[in-house]
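Colleague: What follows is a structure written as structure tokens; I'll ask about it next.
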Amino acid sequence: MSLSPYPYIFCLFSLLMAGSAMAQDIFYNKVAGPLLQAPEAESPMVEFLLQGELLYPLQKEEGGFVFLENQSGRRGWLAKKELSEQAVRPQYRCFISNLRLRSQGNLQAAVVAKLQEGQLVRFTGRRSPNKESISIRGQKLPHYWLEVETAEGLIAWTYGGGLEKLVPIPTIPGNMEQEEPPKQGPSTKGDTLSIHLELPHSSKVRQAESLFLWWNALSPEWKAFYNQMVLLKPLEEAYSDATLAEIEQIMRLEELDLSQDDACQTGPFYAVALKDLSGLRGLPLLKRLHGRGLQLERLGGLNQLPSLEELSFTELKLKQLLFLPKKLKKLRLDFAQEQQFPMSLLRGQGQLEELAIRAQKIQDMQVFIQLPKLKKLSLQISDLRSISGINSLFMLEELRLEAEQSDLDLRPLAALSRLKKLYILADELQNINSIANLRQLQALEIHVKANRIDARLLSRFQQLRWLKLSTPELLQGESLRELKALVFFACQQDLPFSIQQLPGQLQQLELGAPSFQQLERLGQFSQLTSLDLRTAAWPAVGAFVAPPNLAKFYLRAPNLASLQQLPPMPQLRLLDLSQCTELKEIGALAQLKQLELLYLPKAISLQSEAVQAIYHPGLTIRHEVLSACF
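Under mature numbering (1 follows the signal peptide of the UniProt record, and there is no 0), the letters of the sequence shown match residues -23 to -1, 1 to 607, in that order.
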């Protein structure tokens, strides 16, 4: 007995048709904007929605916001006024040939029909993300499924990547040339797919409209900023409209500098100062944001940057600072000196790895316990009363404390066993021996006015390679010779300094003192390549023996009047005498034939006969070191 296939086909189509009863209402957003994490206008962004995105309400509303899910499965809140008033059933056009329609949303389901290129279907609202991949034109693409209805009434599942969505054209403010939607007449079965849509448009056109909407919503000062500082347009085009390609260029920004200083305000740059950060909303790739001299009134817009990892605002003049993005890894805030830094801003910043703060005052450092990943910390606080709370930063590797007018108790530093770099500037230090436990220190810099520093404490840091001190007096200096890893040493003190106490493996040396003892011992430092000596009482030339491999020599001796004889310096390439203000006789410099760069005091004219007598090919002579801004 033969079995007819028709009853089974009939049952299959009955099941497919029944599935449409489970279809979900679909809406779309009328304007481009953020999908928010919470029902608040200033909430962080989940994802930036282009105009016309398909959205699925999750039956939850709060304070004028609706809880939704977009096609990629991300959930969030959207203002109800930005949502279409009526549900839609979007139309799709197939853009590949022989796209299979299946009975279920997986690759193992039976094929019930095929779509041809250009064929139109209607989305029922049911979708099924899948981890499978599919090969389309030689490319492996992630597979996701949509349930669609054909013009013949067949309901089945197909690969969503083979369909191009056609959406209505929302009304764009100011677009007076848009045609009115065609009036709908009586429908028949053949035109059932066109009665729900006003005018078909491809996704690329929809995206372009969203980008232009974003540009049109910018304030004039933000348009001027982008035109001049990003698109590099001339001043006369500061307020001109941007092309689609230019807006796309802005959207691809990963780093942006908003700095405003005298050059920006008077030069050929944007003329209107930025008062807020509203122009940053919607930049999906921005990771690093910098600014100097900003006169901001509010920081709204920062929470709309989903990729932001690094934020640096210096010379900040801010009236309100209420929140910061929660995924920052690097943060630098430099306030005007009369302000107090609100430590509450750091709550929830669990991903922060680097933090730099400059302000007049700071309180409640206990919030540092919420920063478990912090590795670098810089505090430049004029009135720093206590550093209690720093001891909770167990992962800290670099610490900079600048409190010139303060007395600091260093006991909280004893817990920072991972610390490798330490910088301290203070009026007076208490319990300085607390740093003895920092055995991993590789770089140490201490500037203190009231304390004498004992070198026996420093000798415990056997990994120390870089040491700089400013103190009234360095005690027990011979203990420095125990620092076998030290290659850089700098010291400024109020008493004469003995060269004999220095370790012999030094490569760079900077010394400042009223006078030096045993200066001739410098000739024994065979690895020394850079030497900086500052003194008011420079001895006779014969008392100085140059290291054999010295390449850079900075001499700052105001009392030095003449150079009639110099010790041999066969490797010297740079000589700086610009701070020797009394220097007049320079004839001995003629013997330095290998010298490449020479700095002289301003009292000696570069056109004088004395300068011409010491010149040789390859030598550059200047009055002073160029400014760092060059």
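We treat Cβ as the ideally placed atom computed from N, Cα and C, and that holds for glycine. Predicted model only: the values in this text are computed from it and were never measured.
1. The alpha helix (DSSP H) with F202 in it runs from where to where?
2. With a 10 Å radius around its C-beta and 16 neighbouring C-beta atoms as the bar for buried, classify N408 as buried or exposed.
3. Considering residue 619, what are the terminal residues of the beta strand (DSSP E) in which it resides?
4. Whose CA, out of L123, K561, E62, lies closest to the CA of E141?
5. At which residue ranges does the stretch 387 to 470 contain complete beta strand (DSSP E) runs of 3 or more residues, listed in the order of the chain?
6. Starting from the C-beta of S179, find all residues in its chain whose C-beta is less than 7 angstroms away, skip the five residues before and the five after it, and write them out in chain order.
7. Regarding A565 and the ligand GDP, is the C-beta to nearest heavy atom distance less than 8 angstroms?
8. Would a C-beta distance cut-off of 9 angstroms place Q328 and K350 closer than the cut-off?
9. How many angstroms separate the CA atom of R275 from the CA atom of L499?
10. Between R458, A133, L378, which lies nearest to P480 when the distance is taken from Cα to Cα?
11. Would you mind working out which of L569, I132, L60 sits nearest L92, comparing C-alpha positions?
12. Quick check on the burial criterion: 16 or more other C-beta atoms within 10 angstroms. Buried or exposed for S324?
13. Could you tell me whether the Cβ atoms of L279 and K304 are closer together than 9 angstroms?
14. Helix, strand or coil: how does DSSP classify W191 here?
15. Run through DSSP, which three-state label would S359 get?
16. Thinking C-beta only, is F465 closer than 9 angstroms to residue 609?
17. Would E17 be called buried (16 or more neighbouring beta carbons within 10 Å of its own) or exposed?
18. Output needed for G454: all residues of its chain with C-beta closer than 7 angstroms, excluding positions within five of it in sequence on either side, in chain order.
19. Less than 8 angstroms between the CB atoms is what I'm expecting for L235 and L288, so what's the real figure, rounded?
20. Rounded to a whole number of angstroms, what is the C-alpha to C-alpha distance between T597 and L527?
21. May I ask which residues mark the beginning and end of the beta strand (DSSP E) holding V23?
22. Quick one, which of A514, I73, S80, N83 has its alpha-carbon nearest G95's?
23. Any contact of the stretch 394 to 403 with the stretch 416 to 435, i.e. 3+ C-beta pairs under 8 angstroms?
24. Using a Cβ-Cβ cut-off of 6 angstroms (strictly less than) and excluding sequence neighbours within five positions of W199, which residues of its own chain qualify?
25. To the nearest angstrom, how far is it from the Cα of I430 to the Cα of L451?
26. With distance defined between alpha-carbon atoms, name the residue in L348, R388, S383, Q326 nearest to M372.
27. Work out the CA separation of N204 and K210 for me, nearest whole Å.
28. Just the C-alpha distance for L577 and E559, rounded to the nearest angstrom, thanks.
29. Starting from I132, trace the beta strand (DSSP E) in both directions and tell me its first and last residue.
30. Note down, in chain order, each residue of its chain lying with its Cβ closer than 6 angstroms to the Cβ of S456, except the 5 sequence neighbours on either side.
31. With respect to the beta strand (DSSP E) encompassing I339, which residues constitute its N-terminal and C-terminal limits?
32. Using a Cβ-Cβ cutoff of less than 8 angstroms, which residues in the same chain neighbour E232 once the five nearest sequence positions on both sides are dropped?
33. Taking the runs of the beta strand (DSSP E) that are 3 residues or longer, which of them lie wholly in the stretch 58 to 107?
34. Helix, strand or coil for L574? Go by DSSP, reduced to three states.
35. Do the stretch 76 to 90 and the stretch 19 to 32 meet, that is, are 3 or more Cβ pairs less than 8 angstroms apart?
36. Go ahead and pull the three-state DSSP assignment for F345.
Modeller: The relevant details are as follows:
1. In the sequence shown, the residue the question calls residue 202 occupies position 225. From DSSP, the alpha helix (DSSP H) with F202 extends over 197 to 202.
2. By 1-based counting over the sequence shown, the position of residue 408 is 431. Exposed.
3. Since the displayed the chain opens at -23 and closes at 607, residue 619 lies outside it and no answer follows.
4. Here residue 141 is taken as the residue at index 164 of the sequence shown, counted from 1. Minimum Cα distance to E141 is reached at L123.
5. 398 to 407, 420 to 425, 443 to 447, 465 to 469
6. Within the sequence shown, numbered from 1, the residue matching residue 179 stands at position 202. Note that S179 has pLDDT 43, beneath the 50 cutoff, so the model's placement of it is unreliable and no number is given.
7. The ligand GDP is not among the ligands present in this structure, which contains no ligands whatsoever.
8. For the purposes of this step, residue 328 is identified with residue 351 of the sequence shown, where counting begins at 1. For the purposes of this step, residue 350 is identified with residue 373 of the sequence shown, where counting begins at 1. Against a cut-off of 9 angstroms, the Cβ pair of K350 and Q328 comes out as a contact.
9. Looking up residue 275 in the sequence shown gives position 298. Looking up residue 499 in the sequence shown gives position 522. Each residue's alpha carbon lies about 58 angstroms from the other.
10. Translated into the one-based positions of the sequence shown, residue 480 becomes position 503. Checking every option, the nearest Cα to that of P480 belongs to R458.
11. As a position in the sequence shown, residue 92 is number 115, starting the count at 1. Cα-wise, what sits closest to L92 is I132.
12. Within the sequence shown, residue 324 is the residue found at index 347, counting from 1. Note that residue 324 corresponds to Arg in the displayed sequence, not to Ser. Exposed is the call here.
13. Here residue 279 refers to the residue found at position 302 when the sequence shown is read from its first residue. Here residue 304 refers to the residue found at position 327 when the sequence shown is read from its first residue. Contact: no.
14. Taking the sequence shown and counting its residues from 1, the one referred to as residue 191 is at position 214. Residue state, collapsed to three classes: helix.
15. In the sequence shown, residue 359 corresponds to position 382, counting from 1. Strand.
16. Residue 609 is absent from the structure shown; the chain starts at -23 and stops at 607.
17. Numbered from 1 along the sequence shown, position 40 holds the residue referred to as residue 17. That one is exposed.
18. Counting from one through the sequence shown, the residue named residue 454 turns up at place 477. Around G454: A432, S475, Q478.
19. Start at 1 with the first residue of the sequence shown, and residue 235 comes out as number 258. Start at 1 with the first residue of the sequence shown, and residue 288 comes out as number 311. Their Cβ separation, rounded to whole angstroms, is 11 angstroms, which puts L235 and L288 out of contact at 8 angstroms.
20. Within the sequence shown, numbered from 1, the residue matching residue 597 stands at position 620. Within the sequence shown, numbered from 1, the residue matching residue 527 stands at position 550. Each residue's alpha carbon lies about 19 angstroms from the other.
21. Within the sequence shown, the letter at position 46 stands for residue 23. V23 -> beta strand (DSSP E) spans 22 to 26.
22. Taking the first residue of the sequence shown as position 1, residue 95 is located at position 118. The shortest Cα separation from G95 among A514, I73, S80, N83 belongs to I73.
23. yes
24. Here residue 199 corresponds to residue number 222 of the sequence shown, with the count starting at 1. Correct list, in chain order: G256.
25. For this step, residue 430 is matched to residue 453 along the sequence shown. For this step, residue 451 is matched to residue 474 along the sequence shown. Between I430 and L451, the C-alpha separation is close to 5 angstroms.
26. By one-based count along the sequence shown, residue 372 stands at place 395. Closest by alpha carbon: L348.
27. For the purposes of this step, residue 210 is taken as the residue at position 233 of the sequence shown. For the purposes of this step, residue 204 is taken as the residue at position 227 of the sequence shown. Between K210 and N204, the C-alpha separation is close to 6 angstroms.
28. The sequence position of residue 577 within the sequence shown is 600, counting from 1. The sequence position of residue 559 within the sequence shown is 582, counting from 1. C-alpha separation (whole angstroms): 11 angstroms.
29. Here residue 132 corresponds to residue number 155 of the sequence shown, with the count starting at 1. First-last of the beta strand (DSSP E) with I132: 132 to 136.
30. Walking along the sequence shown from the start, residue 456 turns up at place 479. So the list reads A432, R433, S436, once near-sequence residues are dropped.
31. Residue mapping note: residue 339 aligns to position 362 of the sequence shown, counting from 1. Run containing I339: 331 to 339, per the beta strand (DSSP E) assignment.
32. Counting from 1 along the sequence shown, the entry for residue 232 is found at position 255. L263, K264, R265, L266, H267.
33. 68 to 71, 76 to 79, 88 to 92
34. Looking up residue 574 in the sequence shown gives position 597. It is a strand residue.
35. no
36. Numbered from its first residue, the sequence shown carries residue 345 at position 368. Helix.
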